[in-house]
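Engineer:
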Amino acid sequence: MPLASACAQMRRLLGATIGPKELHLLAIPNASARGNVSMRVNHKAGVPMIDADVFAFLERCDSYTSPAPLLEDLLQMAGNFGFTHLILSGVPMAGQRLAPMVELMGWPEGWFERYCQREYAKVDGVCLYSGQTTRPFYWHDVPDRLASTKASRLVANEATEFGIRSGFAVPFLSIHHWQSVVSFASPEPDCRMSDREKAQLVTMGTMAGAAVEALVYPNTPPPNLLTDREREVLLWAGAGKTYSEIGDILGIADDTVKKHLKNAREKLDVATTVQAVIQAARLRFISP
Amino acid sequence: MISVHVVQSCNRHLYEREFDEFLRRRHDYFVKKKRWRPESPDGREIDQFDTDAATYLLGIEDGRVVTSCRLIPTNEPHLVSEVFPDFCEMHGVPRRPDWAEWTRTFVATEQHGLGRRGTLTQLCCAVMEYALSEGLTAVGGIQETYFLPQHKMLGWTVRPMGMAREVNGEFYIVAYIDVTEEALKRARRVLGIDHSLLVRRGEQRPFIPFERLERRA
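The listed protein sequences derive, respectively, from chains A and B. So for the first sequence, my numbering puts the first residue at 481; every next one is plus one. So for the second sequence, my numbering puts the first residue at 118; every next one is plus one.
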């Protein structure tokens with residue numbers, strides 16, 4: 481089977497595999513709960529939050545046993561800085577789909593659905609930059625090469641229909657994703673924070689990210705049969721890359737790529753690379 | 118999988134080449150890439166905390182140092198106590214022989230993507246193994262907020278000492294991790310191993326001096 485059609489088939493199969501998970505994620509929190517949260521936010525932007533409130537939040541982070549109350553709490557805290565919505569998610573790379581990577585969904589109703597449906601993650605400068613930097617950043621500081629493309633400006637423009645005009649993002653290391661980000665959104669055209677507020681929000685965003693990772697993978701994933709390199713090669717194979725393209729990307733020889741794929745197939749006990757990608761995704765060893 | 122060698126002043130002579138490579142790699146990363154410190158003419162990075170009190174863990178793979186870090190008892194002068202005490206406004210600067218400051222974590226830049234992160238996980242596992250075997254109760258220090266979730270993903274308990282702060286565009290936070298049997302078990306589960314990563318060659322000095330252990334007992 482040519483690789484391109486194999487990949488198309490794989491994506492179809494994966495779509496079927498991941499479906500229920502997506503639904504589950506979209507259901508957390510449900511739309512009405514989300515609305516309520518926004519309504520209940522004690523909006524006191526401009527009034528400095530005291531550090532003790534931040535420390536209390538950090539303590540609470542460890543106590544949550546599911547994502548929904550953590551999201552609600554984080555939204556409430558972010559509301560103190562004028563942020564009304566947030567998403568906490570793995571950053572899609574190499575054509576990965578956003579939906580299965582989302583851990584906390586606090587976007588306005590309709591926006592996430594549209595964002596996924598139209599595959600905005602592939603063109604949205606904020607999303608792209610989230611995978612390219614390890615530093616927290618204001619959305620308005622995303623480099624022009626990413627932010628001022630026609631497609632990215634279109635996304636930003638459409639977001640305003642949902643009350644999202646500016647924001648601040650905090651990237652962090654993730655064990656299952658390339659990296660993750662928590663992105664706070666504001667209805668104001670230009671959100672600004674003092675240095676102190678920025679430090680408070682980065683502290684809370686980072687610890688919320690850490691708490692989510694600990695939640696989603698309680699006691700960590702099943703023992704991962706695959707080496708990091710095998711997962712990486714599978715990930716790129718799943719994105720439709722050829723042996724030599726993968727070799728170029730990872731800086732290794734084509735034969736080494738083939739060797740990793742062969743090892744991965746043997747470990748997963750499947751005959752083809754397509755099956756290996758599907759099986760590895762099902763076991764969450766990779767997230768295509 | 119890496120082997121992690123425990124290097125102290127008393128057995129450093131066994132690691133002349135590796136230790137020199139370690140200092141050069143520190144220079145590449147902390148001076149040239151991060152610009153934390155001024156360039157050194159000899160291309161080695163050494164600071165005021167590289168004393169006999171320091172213990173180094175060097176992760177070696179195929180004869181090369183691919184990852185490393187430094188541990189210092191917090192009752193000795195250390196980076197947080199001397200340079201960043203204001204990062205500990207919530208719980209104060211730790212000053213305990215059984216709490217080690219963990220600094221100068223480094224992973225070779227020629228490793229890419231997931232491979233690089235896997236090496237970091239192996240180093241973290243080795244730090245936990247070493248800390249547990251030496252009777253420490255916590256390890257930690259100042260780190261980029263970006264890396265903090267890594268510890269939680271290993272199932273570890275992370276205790277921030279205060280608020281993150283921005284230094285030259287990057288955010289740092291001081292946090293300590295509980296050293297427990299369970300923490301080691303969890304890190305090993307993530308790596309899918311059940312064996313030791315540590316190698317101890319030549320003379321070794323206990324991390325907590327004997328007389329302090331006695332006093333504690």
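All residues carry an ideal CB built from backbone N, CA and C; glycine is no exception.
Please report the distance separating the alpha-carbon of F288(B) from that of A225(B).
Structural biologist: C-alpha separation (whole angstroms): 22 Å.
Engineer: Would DSSP call D295(B) helix, strand or coil?
Structural biologist: Three-state result, D295(B): strand.
Engineer: What do you get for H657(A), buried or exposed, if any count of 16 or more other CB atoms within 10 angstroms of its CB means buried?
Structural biologist: Answer is buried; the Cβ neighbour count reaches 16.
Engineer: Would the beta-carbon of A627(A) fall within 7 Å of that of G605(A)?
Structural biologist: The answer is yes: Cβ separation under 7 Å.
Engineer: Starting from W216(B), trace the beta strand (DSSP E) both ways and give me its first and last residue.
Structural biologist: Run containing W216(B): 216 to 224, per the beta strand (DSSP E) assignment.
Engineer: Which residue marks the beginning of the beta strand (DSSP E) containing L253(B), and which one marks its end?
Structural biologist: That residue, L253(B), is in no beta strand (DSSP E); it is neither H nor E in DSSP.
Engineer: Between D542(A) and M684(A), what straight-line distance do the alpha-carbon atoms span, to the nearest angstrom?
Structural biologist: So the alpha carbons of these two residues sit roughly 12 Å apart.
Engineer: For the segment 542 to 557 of chain A, enumerate the residues whose C-beta is nearer than 9 Å to any C-beta of chain B, in chain order.
Structural biologist: Answer in chain order: D542.
Engineer: Where do the N-terminal and C-terminal ends of the beta strand (DSSP E) with F537(A) fall, by residue?
Structural biologist: Here F537(A) belongs to no beta strand (DSSP E); instead the alpha helix (DSSP H) covers 531 to 541.
Engineer: Quick one, which residues of the segment 664 to 693 of chain A are near chain B if we go by CB-CB under 8 Å, in chain order?
Structural biologist: Residues passing the 8 Å Cβ filter: D675, K678, A679, Q680, V682, T683, T686, M687, G689, A690, A691, E693.
Engineer: Taking the beta carbon of C127(B) as the centre, do at least 16 other beta carbons fall within 10 Å, making it buried, or is it exposed?
Structural biologist: Counting Cβ neighbours within 10 Å, C127(B) comes out exposed, since fewer than 16 surround it.
Engineer: Determine whether the Cβ of L714(A) lies closer than 7 Å to any Cβ atom of chain B.
Structural biologist: Chain B, which has no Cβ nearer than 7 Å to the Cβ of L714(A), makes this no.
Engineer: Give me the chain B residues within the contact set of F648(A), using Cβ-Cβ distance strictly less than 9 Å, ordered along the chain.
Structural biologist: Here the premise fails: no neighbours, minimum Cβ distance about 12 Å.
Engineer: If distances are taken between C-alpha atoms only, which option among E539(A), Q612(A), I530(A), A751(A) comes closest to F652(A)?
Structural biologist: For F652(A), the nearest C-alpha among the options comes from Q612(A).
Engineer: Since A558(A) sits in a beta bridge, which residues does DSSP pair it with?
Structural biologist: None, per the DSSP bridge assignment.
Engineer: Who are the near neighbours of V316(B) in its chain, counting only those whose CB is closer than 6 Å to its CB and skipping five residues on each side?
Structural biologist: So the qualifying residues of the chain are S120, H122.
Engineer: When burial is assigned at 16 or more other CB atoms within 10 Å of the CB, is F324(B) buried or exposed?
Structural biologist: Flag for F324(B) reads buried.
Engineer: Between T262(B) and chain A, is the shortest Cβ-Cβ distance under 7 Å, so that the two count as touching?
Structural biologist: Judged by the 7 Å Cβ criterion, T262(B) is in contact with chain A.
Engineer: Which residues, in chain order, does the segment 206 to 218 of chain B contribute to contact with chain A at a C-beta distance below 8 Å?
Structural biologist: Going along the segment 206 to 218 of chain B in chain order, one finds E206, M207 with a Cβ nearer than 8 Å to chain A.
Engineer: Measure the CB-CB distance between T186(B) and R142(B) and report whether it falls below 7 Å.
Structural biologist: It is Cys, not Thr, that sits at residue 186(B) in the sequence shown. In this structure, R142(B) does not lie closer than 7 Å to C186(B) by Cβ.
Engineer: Let me make sure I understand the geometry here. Which of I655(A), Y609(A), N637(A) has the alpha-carbon closest to that of R625(A)?
Structural biologist: Comparing Cα-Cα distances from R625(A) to each of I655(A), Y609(A), N637(A), the minimum goes to Y609(A).
Engineer: On a Cα-Cα basis, can you pick out the residue from T274(B), Q267(B), S250(B), L253(B) that is closest to C241(B)?
Structural biologist: Among T274(B), Q267(B), S250(B), L253(B), the Cα nearest to that of C241(B) belongs to Q267(B).
Engineer: Using the Cβ count rule (16 or more neighbours within 10 Å means buried), how would you classify I163(B)?
Structural biologist: By the neighbour-count rule (16 or more Cβ atoms within 10 Å), I163(B) is not buried but exposed.
Engineer: Would you identify the three-state DSSP class for F327(B), choosing helix, strand or coil?
Structural biologist: Correct three-state label for F327(B): helix.
Engineer: Measure the C-alpha to C-alpha separation of E502(A) and G731(A) and round it to an integer number of angstroms.
Structural biologist: Per-residue confidence for E502(A) stands at a pLDDT of 30, beneath the threshold of 50, marking its modelled position as unreliable; no derived number is given.
Engineer: Using DSSP with H/G/I as helix, E/B as strand and the rest coil, what is L748(A)?
Structural biologist: Here L748(A) sits in helix by DSSP.
Engineer: Locate the beta strand (DSSP E) running through S724(A), then write down its first and last residues.
Structural biologist: Segment 723 to 730 is the alpha helix (DSSP H) holding S724(A); no beta strand (DSSP E) there.
Engineer: Counting only the same chain and skipping the five closest in sequence on each side, list residues whose C-beta sits under 7 Å from that of E583(A).
Structural biologist: Result list for E583(A): P547, L568, S569, V692, V696, in chain order.
Engineer: Under 9 Å between beta-carbons, which chain B residues line up against S632(A)? List them in chain order, please.
Structural biologist: The premise fails here: S632(A) is roughly 23 Å from chain B at the closest Cβ pair, so nothing lies under 9 Å.
Engineer: Return no unless some Cβ of chain A is closer than 7 Å to the Cβ of E287(B).
Structural biologist: So, interface residue.
Engineer: For Y173(B), write down the residues that DSSP places opposite it in a beta bridge.
Structural biologist: Answer is V124(B), R187(B).
Engineer: What in chain A is Cβ-close to I290(B), meaning under 8 Å?
Structural biologist: Those are T683, T686, listed as they occur along chain A.
Engineer: Taking just the CA atoms, how far does E677(A) sit from N560(A)?
Structural biologist: Distance between the alpha carbons of N560(A) and E677(A): 9 Å.
Engineer: Hey, out of I726(A), E589(A), G720(A), whose CA is closest to T564(A)'s CA?
Structural biologist: T564(A) has its Cα closest to that of E589(A), out of I726(A), E589(A), G720(A).
Engineer: Name the residues in the segment 592 to 622 of chain A whose C-beta lies less than 9 Å from a C-beta of chain B; which are they?
Structural biologist: Under the 9 Å Cβ criterion, the segment 592 to 622 of chain A contributes T614, R615, P616.
Engineer: Let me make sure I understand the geometry here. Which of D553(A), G586(A), F648(A) has the alpha-carbon closest to that of E668(A)?
Structural biologist: Among D553(A), G586(A), F648(A), the Cα nearest to that of E668(A) is on F648(A).
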